[in-house]
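Have a look at the structure below, then the notes.
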Amino acid sequence: MASSPAQPSHRFVAPTWMRATSVLAFALFAAACTHEFLANGGTVTAWVLMGLAVLGALGIAEVVTARVDLYPERIVIVSNLRKSAFPRGSFVRASWAKGVSVTLERSDGSFLKLPDVGGNSQGLTNSLRAWIKRSRVET
Numbered sequence: 090m091a092s093s094p095a096q097p098s099h100r101f102v103a104p105t106w107m108r109a110t111s112v113l114a115f116a117l118f119a120a121a122c123t124h125e126f127l128a129n130g131g132t133v134t135a136w137v138l139m140g141l142a143v144l145g146a147l148g149i150a151e152v153v154t155a156r157v158d159l160y161p162e163r164i165v166i167v168s169n170l171r172k173s174a175f176p177r178g179s180f181v182r183a184s185w186a187k188g189v190s191v192t193l194e195r196s197d198g199s200f201l202k203l204p205d206v207g208g209n210s211q212g213l214t215n216s217l218r219a220w221i222k223r224s225r226v227e228t
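Start counting the sequence shown at 90; every next residue gets the next number (this note's numbering).
Rendered as structure tokens:
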């Protein structure tokens with residue numbers, strides 16, 4: 090069954106545990122901030138906790154929206170609330186090493202670092218290698 094052009098053939102997103110951890114961190118910072126403001130007023134601690142709660146909310150937005158979509162002829166990357174698309178033919182290699190994000194090497198020698206979309210970087214790299222290889226086989 091062939092996928093329609095509007096649907097990606099593969100979508101990689103952050104796992105549920107990563108999303109839940111972001112929500113939990115935000116909730117804890119927000120609760121601590123609220124408690125500090127009610128108990129002691131606008132102390133430095135309360136303002137720091139408020140800043141951390143704001144960062145937690147931004148973290149939730151990032152982990153919920155970050156994704157890598159593979160389409161037959163392009164890759165779409167959503168990271169830091171920005172969307173970028175690149176043609177498949179512009180990449181020659183995908184690589185990954187323990188502790189390092191997945192990167193795509195472009196035909197001009199530059200590299201594109203992909204967002205962290207979970208703990209299975211090797212699986213993402215293998216899918217990208219097969220995706221890049223298909224472009225060479227088809228041409």
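Where a beta carbon is used, it is the ideal one built from N, C-alpha and C, also for glycine. The structure displayed is predicted, hence computed values, not measured ones.
Worksheet item: Looking only at its own chain, which residues have a Cβ that is under 8 Å from the Cβ of ALA135, when we skip the five neighbours before and after it?
Response: Taking the first residue of the sequence shown as position 1, residue 135 is located at position 46. Once the five neighbours on either side are set aside, the close Cβ partners of ALA135 are CYS122, GLU125, PHE126, ASN129.
Worksheet item: Per DSSP, which one or two residues make a beta bridge with PHE175?
Response: Taking the sequence shown and counting its residues from 1, one reaches residue 175 at position 86. PHE175 pairs with ILE164.
Practice prompt. Could you check if PHE115 is buried or exposed, using at least 16 other CB atoms within 10 Å of its CB as the buried criterion?
Written response: Translated into the one-based positions of the sequence shown, residue 115 becomes position 26. The residue in question, PHE115, is buried, as its Cβ has 16 or more Cβ neighbours within 10 Å.
Fill in: Spatially closest choice to PHE175 from TRP220, ALA186, ARG163, ARG223, by CA coordinates
On the sequence shown, position 86 is the one that residue 175 refers to. Nearest of TRP220, ALA186, ARG163, ARG223 to PHE175, Cα basis: ARG163.
Worksheet item: Taking Cβ to Cβ, would you say SER111 is nearer than 7 Å to VAL152?
Response: As a working note, residue 111 is residue 22 in the sequence shown. As a working note, residue 152 is residue 63 in the sequence shown. In contact: SER111 and VAL152 (Cβ atoms closer than 7 Å).
Worksheet entry | Helix, strand or coil at ALA95 [DSSP, three-state] | Counting from 1 along the sequence shown, the entry for residue 95 is found at position 6. If DSSP states are grouped into helix, strand and coil, ALA95 belongs with coil.
Worksheet entry | Beta-carbon gap between PHE180 and ARG156 smaller than 7 Å | Your numbering for residue 180 matches position 91 in the sequence shown. Your numbering for residue 156 matches position 67 in the sequence shown. No, the pair does not count as a contact, with Cβ atoms beyond the cut-off.
Practice prompt. Grab me the residues of ARG108's own chain with a C-beta within less than 7 Å of its C-beta, minus the 5 sequence neighbours each way, in chain order.
Written response: Translated into positions along the sequence shown, residue 108 becomes position 19. Only VAL152, VAL153 meet the Cβ criterion.
Item to complete: Quick one: grab the DSSP three-state call for LYS202.
Response: Against the sequence shown, residue 202 aligns to sequence position 113. Correct three-state label for LYS202: strand.
Item to complete: For GLY148, I'd like the list of residues in its chain whose CB is within less than 6 Å of its CB, leaving aside the five on either flank, ordered along the chain.
Response: Counted from its first residue, the sequence shown places residue 148 at position 59. Result list for GLY148: SER111, in chain order.
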